[in-house]
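There are 2 protein chains.
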Amino acid sequence: MLKTYQYEQLSAQDIDRLTLRNTDPNNAIQDTVEQIIAQVEQNGDDALRQLALKYDQISLDALYLDEAEIEALAATISRQQQRALEIAFQNIHKFHATQLKKERTIETMPGVTCWREVRPIEKVGLYIPGGSAVLPSTLLMLGVPARIAGCKEIVVCSPPQKDGKVNGFIAYCLKLLQIKKIYLTGGAQAVAAMAYGTESVPRVDKIFGPGNQFVTKAKSLIQSRTQVSIDMPAGPSEVLVIADESANADYIAADLLAQAEHGADSQAVLVSTSSSLIEAVNQALLLQLGELPRAAIAQKAIENSYAICTTDITTALAFSNKYAPEHLIIQSDDWKRLVYGVQNAGSVFLGHLTPESVGDYASGTNHTLPTSGYARSYSGVSVDSFVKKITFQQLSQDGLRQIGSTVEILAELEGLQAHKNAVSIRLKDLES
Amino acid sequence: MLKTYQYEQLSAQDIDRLTLRNTDPNNAIQDTVEQIIAQVEQNGDDALRQLALKYDQISLDALYLDEAEIEALAATISRQQQRALEIAFQNIHKFHATQLKKERTIETMPGVTCWREVRPIEKVGLYIPGGSAVLPSTLLMLGVPARIAGCKEIVVCSPPQKDGKVNGFIAYCLKLLQIKKIYLTGGAQAVAAMAYGTESVPRVDKIFGPGNQFVTKAKSLIQSRTQVSIDMPAGPSEVLVIADESANADYIAADLLAQAEHGADSQAVLVSTSSSLIEAVNQALLLQLGELPRAAIAQKAIENSYAICTTDITTALAFSNKYAPEHLIIQSDDWKRLVYGVQNAGSVFLGHLTPESVGDYASGTNHTLPTSGYARSYSGVSVDSFVKKITFQQLSQDGLRQIGSTVEILAELEGLQAHKNAVSIRLKDLES
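Here it is in structure tokens:
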């Protein structure tokens, strides 16, 4: 079922084409999103109510759920489900807590002291999708690092379900995160509300979270025209599996399908040193696909995917680095040797017993990751995404004496006399 | 000369207006920039040559200077100037070297091991402006962290000077950075060349550097339509000075003017607890302004600036955090107490003897900083800007047994059966 290529037969152009993602610029929806943004900017809460009626078929009075409502909803899920969410929360918390580090102070010259201080981004907005799939895991993946960073205000938006509420899983995650409100707005309107603020929804400094093409387009527009920043550009989800002779075809097929069920535009790539393994994976795909509730979606994604057969695992890794996958699974006994060679990827799953889905939910790593090749220059979401690092410097008299003439010379050669003056006027006082 | 406001008399709207930057969307230049980008994407080097003729009035054969040419140019500057650039290089290197940190490995559950690994962004592009002012300091500020990060390819673009070369200061910095080529292209065309690649200029993964409005617009367009990322959005430079009774009016005036000489759109804000100090600063501004070669520019920037008088320094700091200045100077004997309260700023200069210009050139901190209020969510450029952090995870048999059911439950409640299967199929083998 997977189109299969022999690596040695691929030209440089072929490889460029295979590593290029299906990037639909979505210009078709631009006008709609522009209108929604303008509507929310101008009419605030009224616009959000109208848009909830139009897109979510729900008439809202209050635009948010309060603590008591969240508490009640959270109580509707089973203890087993609560426990699973708690374990995920704990693991994500443990891993992300390692990311907040103390910065070192350094004297670059005697009396010239420099350091950085970490400060939380004060107000952050988390968008939690709630259309075809409701994703409480995403709330944990964004909420936990925001809490560890110490953000003062965490605004959460999610589209209202048919009953005008959110589901119990989302509510339970809010409880775990000690977030006492959730705003009932979805799509481009939620992004606009957090970017401009409305009577109900506070304006934030940075917006996080995945979403459909309307959400993605709105985030991109907001980024280019306001001072609100976004976590990262988003595209369809993807996995690349590197597998050698030691790999299990059934496991690989299961991992490819876990990716494929996300959406018809997902991509699942297999790069293997064994052509017989690729064949076995194709057979396993056929078998496993038949049993999936989301088989139609997964089938389309698999048609959009491919396998590459390479002569050795180093070549497989080189291709993976060119592709820069969101998720990379290395199913090889030899995974330890390969870690160092991973240059471009979002999150990496090592060995035969580490399926991507453990990272999607509960191993502790973040699942908000760069897609579409952005792993070449972006990291996934982490505590880093919720803080700024501010540089500080302080000069003693000795420090200014040490560095003064250097700054004067450099300011002068750049033709910036006032920059020089700011040093000279102080130096003169020291000398007198 | 500075318009002065009494803080207590300002309404919330006034404060919003005062903290809002003069953000010109520059839609007027959008068409020009679009055309330049399209031209470079389609015609590569030919387009760069045509645009150099049009905008830099120079006919270029080779589009870059090689190592020998750089060497020759670097030898044309004085030993004193070389030494000043070396000291700046060393201090910037010392400070930025502290930013590369080892990440911790953690077992979130027995047998579930997670960690991050830092990898350089492979190919980075540095834009060094060369119009009204040539800025070798910017080359150091971008080149040093790129080298420390370990980027494999560092592409530097700067517009050709009248002689078809770059000046000796830039050349000497290239030497210090061991960069053996510089591409002679400026403006939007340089950004497009690094984003799409031409016959001469390599395509990069991330583009850094300040520039005029054409450069800024090109970076913004590139970010929204390619997989190439950028350092941060850019606006006019700015400083905010917090000063109490202990401050020296002459020093403050010199610092405000150092900012003002950057451009007529620069902003220099003074927030002080002393109205007599504000008055003294105004007098000092008049005196110092007269002697500046760039007085006309500075004068305009000062007209675009203001002072605020507050009753106490805590209120001054609160206003500064709302403004989120690129540069914050705290001229107070009491600076130590105020460090913790700084929430939003790019780089901070503490005490009476730490003018901004030391950080612009040589203290060691970076001068590529968030403007226009972006300091609320962005950090300045650092080694972090040149690396990605990739998450890794590896499960032992015990690890999968520990976490398996949690993942199964969570996948099921999100309706993602194939995610569950990827775990179940492995667990089944462990049990048998």
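Note that the protein sequences, when read in sequence, are chains W and Z. For what it's worth, our numbering labels the leading residue of the first sequence as 401, then goes sequentially. For what it's worth, our numbering labels the leading residue of the second sequence as 401, then goes sequentially. Every residue gets a Cβ at the ideal spot worked out from N, C-alpha and C, and that includes glycine. Keep in mind the model is a prediction, meaning the values are calculated, not measured.
Thinking residue i and residue j are a contact (beta carbons under 8 Å), I'd like their distance in whole angstroms, please.
i, j, result
"residue 537 of chain W", "residue 810 of chain Z", "6 Å"
"residue 558 of chain W", "residue 445 of chain W", "Not quite, the Cβ-Cβ distance comes to about 17 Å (not below 8 Å), so this is no contact."
"residue 671 of chain W", "residue 720 of chain W", "6 Å"
"residue 900 of chain W", "residue 545 of chain W", "The structure shown has nothing for residue 900 of chain W, since chain W only spans 401 to 832."
"residue 822 of chain W", "residue 408 of chain Z", "No, residue 822 of chain W and residue 408 of chain Z are not in contact; Cβ-Cβ is about 31 Å, not under 8 Å."
"residue 404 of chain W", "residue 678 of chain W", "6 Å"
"residue 708 of chain W", "residue 592 of chain W", "Between residue 592 of chain W and residue 708 of chain W the Cβ distance is about 42 Å, and since that is not below 8 Å, they are no contact."
"residue 481 of chain W", "residue 569 of chain W", "7 Å"
"residue 641 of chain W", "residue 729 of chain W", "5 Å"
7 Å is my cut-off, CB to CB: does residue i come that close to chain W?
i, result
"residue 548 of chain Z", "no"
"residue 758 of chain Z", "yes"
"residue 514 of chain Z", "yes"
"residue 504 of chain Z", "yes"
"residue 419 of chain Z", "no"
"residue 673 of chain Z", "no"
"residue 803 of chain Z", "yes"
"residue 443 of chain Z", "no"
"residue 800 of chain Z", "yes"
"residue 495 of chain Z", "yes"
"residue 564 of chain Z", "no"
For chain Z, check one thing: does any of its Cβ atoms lie closer than 7 Å to the Cβ of residue i?
i, result
"residue 608 of chain W", "no"
"residue 600 of chain W", "no"
"residue 722 of chain W", "no"
"residue 508 of chain W", "yes"
"residue 624 of chain W", "yes"
"residue 788 of chain W", "yes"
"residue 519 of chain W", "yes"
"residue 629 of chain W", "yes"
Starting from the Cα of residue i, find the closest Cα among the options and give me that residue.
i, options, result
"residue 745 of chain W", "Z:647, Z:520, Z:433", "Z:520"
"residue 602 of chain W", "W:555, W:679, W:513", "W:555"
"residue 550 of chain Z", "W:762, W:743, W:573, W:770", "W:743"
"residue 470 of chain W", "W:643, W:442, W:418, W:576", "W:576"
"residue 664 of chain W", "W:687, W:704, W:679", "W:704"
"residue 503 of chain Z", "Z:828, Z:453, Z:791, Z:734", "Z:791"
"residue 714 of chain Z", "Z:727, Z:729, Z:437, Z:737", "Z:737"
"residue 718 of chain W", "W:467, W:673, W:429", "W:673"
"residue 523 of chain Z", "Z:531, Z:552, Z:542, Z:784", "Z:552"
"residue 457 of chain W", "W:610, W:531, W:684", "W:531"
"residue 572 of chain Z", "Z:627, Z:434, Z:472", "Z:472"
"residue 763 of chain Z", "Z:490, Z:596, Z:741", "Z:490"
Using the beta-carbon of each residue, which ones in chain Z are nearer than 8 Å to residue i?
i, result
"residue 750 of chain W", "792, 793, 794"
"residue 823 of chain W", "755, 757, 758"
"residue 533 of chain W", "814, 815, 816"
"residue 522 of chain W", "743, 744, 776"
"residue 832 of chain W", "Chain Z residues near residue 832 of chain W: none, gap ~13 Å exceeds 8 Å."
Given that residue i touches chain Z, what residues does it touch there, using C-beta distances under 9 Å?
i, result
"residue 807 of chain W", "484, 488, 755, 757, 758, 760, 761, 762, 763"
"residue 541 of chain W", "Within 9 Å Cβ-Cβ: nothing; residue 541 of chain W doesn't reach chain Z, min ~12 Å."
Which chain W residues sit within Cβ distance under 8 Å of residue i?
i, result
"residue 693 of chain Z", "815, 817"
"residue 605 of chain Z", "776, 777"
"residue 498 of chain Z", "503, 504, 506"
"residue 658 of chain Z", "816, 818, 819, 821, 822"
Residue i versus chain Z: which residues are under 7 Å apart at the beta carbon?
i, result
"residue 826 of chain W", "651, 753, 755"
"residue 655 of chain W", "822"
"residue 620 of chain W", "624"
"residue 481 of chain W", "809, 813"
"residue 637 of chain W", "What residue 637 of chain W touches in chain Z: nothing, since even the nearest Cβ is about 11 Å away."
In chain W, what lies closer than 9 Å to residue i by C-beta?
i, result
"residue 612 of chain Z", "Result: empty, since nearest Cβ-Cβ is about 16 Å, beyond 9 Å."
"residue 661 of chain Z", "816, 817, 818, 819"
"residue 747 of chain Z", "790, 791, 792, 793"
Run down chain W in chain order and give the residues with a C-beta less than 7 Å from the C-beta of residue i.
i, result
"residue 501 of chain Z", "501"
"residue 742 of chain Z", "790"
"residue 555 of chain Z", "What residue 555 of chain Z touches in chain W: nothing, since even the nearest Cβ is about 14 Å away."
Within 6 Å: the Cβ of residue i and any heavy atom of the ligand COA?
i, result
"residue 603 of chain Z", "The ligand COA is absent from the structure shown, which contains no ligands of any kind."
Quiz item: Counting only runs that start and end within the region 669 to 748 of chain Z, where is the beta strand (DSSP E) found for 3 or more residues in a row?
Solution: 706 to 709, 727 to 731
Quiz prompt | Complete runs of the alpha helix (DSSP H) confined to the region 448 to 517 of chain Z [at least 4 residues] | solution = 467 to 474, 479 to 497
Practice problem: Report the residue ranges of all alpha helix (DSSP H) runs contained in full by the region 550 to 632 of chain Z; include only those spanning at least 4 residues, in chain order. | Solution: 568 to 577, 587 to 596, 613 to 625
Exercise. Just list the beta strand (DSSP E) runs in the region 764 to 828 of chain Z, keeping only unbroken ones of 3 residues or longer that don't cross its boundaries, in chain order.
Key: 787 to 795
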